[in-house]
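> Letter by letter, the sequence shown follows residues 129 to 204 in the numbering used here.
A virtual CB, placed ideally from N, CA and C, is assigned to each residue, including glycine.
My questions all concern the structure below.
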Amino acid sequence: MITPYTWRKSSYSGGGVGNGCVEVADGAAHIAIRDSKTPAGAILTIPTSAFTTFVEALKPPTNSYSTVTDFAKFRG
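Set out below in structure tokens:
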């Protein structure tokens with residue numbers, strides 16, 4: 129039996145036409161990921177623990193800079 133997902137988009141995706149993004153949904157033991165432009169297309173599922181590790185790895189270290197502008201401000 130396939131359980132329907134409740135999909136959500138990132139708040140960073142914006143609104144309007146052409147602002148598609150990746151959507152995620154929580155499963156019992158996994159996270160489902162799909163392309164919002166093709167919701168009937170393929171769905172990637174990965175274990176929740178692997179997704180958590182992935183998202184944590186994307187976060188910059190606390191002593192890093194998110195943009196060249198941030199770095200330039202720091203350098204003066």
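Only counting the same chain, and skipping five residues up and downstream in sequence, which positions put a Cβ closer than 6 Å to that of M129?
Locating residue 129 in the sequence shown gives position 1, counting from the first residue. Low confidence applies here, because M129 scores a pLDDT of 39, under 50, leaving its location unreliable; read the following figure in that light. Closer than 6 Å at Cβ, skipping near neighbours: no residue.
> Consult DSSP for T176 and reduce its assignment to one of helix, strand or coil.
Counting from one through the sequence shown, the residue named residue 176 turns up at place 48. Helix, per DSSP.
> Leaving out the 5 sequence neighbours to the left and right, which residues in its chain are closer than 7 Å to T134 when beta-carbon positions are compared?
Position 6 of the sequence shown, counted from the first residue, corresponds to residue 134. So the qualifying residues of the chain are A153.
> Since I believe K137 is in contact with S164 (beta carbons under 8 Å), could you give me their beta-carbon distance rounded to a whole number of angstroms?
Taking the first residue of the sequence shown as 1, we reach residue 164 at position 36. Taking the first residue of the sequence shown as 1, we reach residue 137 at position 9. Confirmed, about 6 Å.
> Identify the continuous beta strand (DSSP E) that holds I171 and give its terminal residues.
Translated into the one-based positions of the sequence shown, residue 171 becomes position 43. It is not in any beta strand (DSSP E) - I171 carries neither H nor E in the DSSP assignment.
> So, using beta-carbon positions, are H158 and I171 closer together than 8 Å?
On the sequence shown, position 30 is the one that residue 158 refers to. On the sequence shown, position 43 is the one that residue 171 refers to. Cβ atoms of H158 and I171: not closer than 8 Å.
> Start and end of the beta strand (DSSP E) containing A160?
Here residue 160 corresponds to residue number 32 of the sequence shown, with the count starting at 1. H158 to D163 is the extent of the beta strand (DSSP E) around A160.
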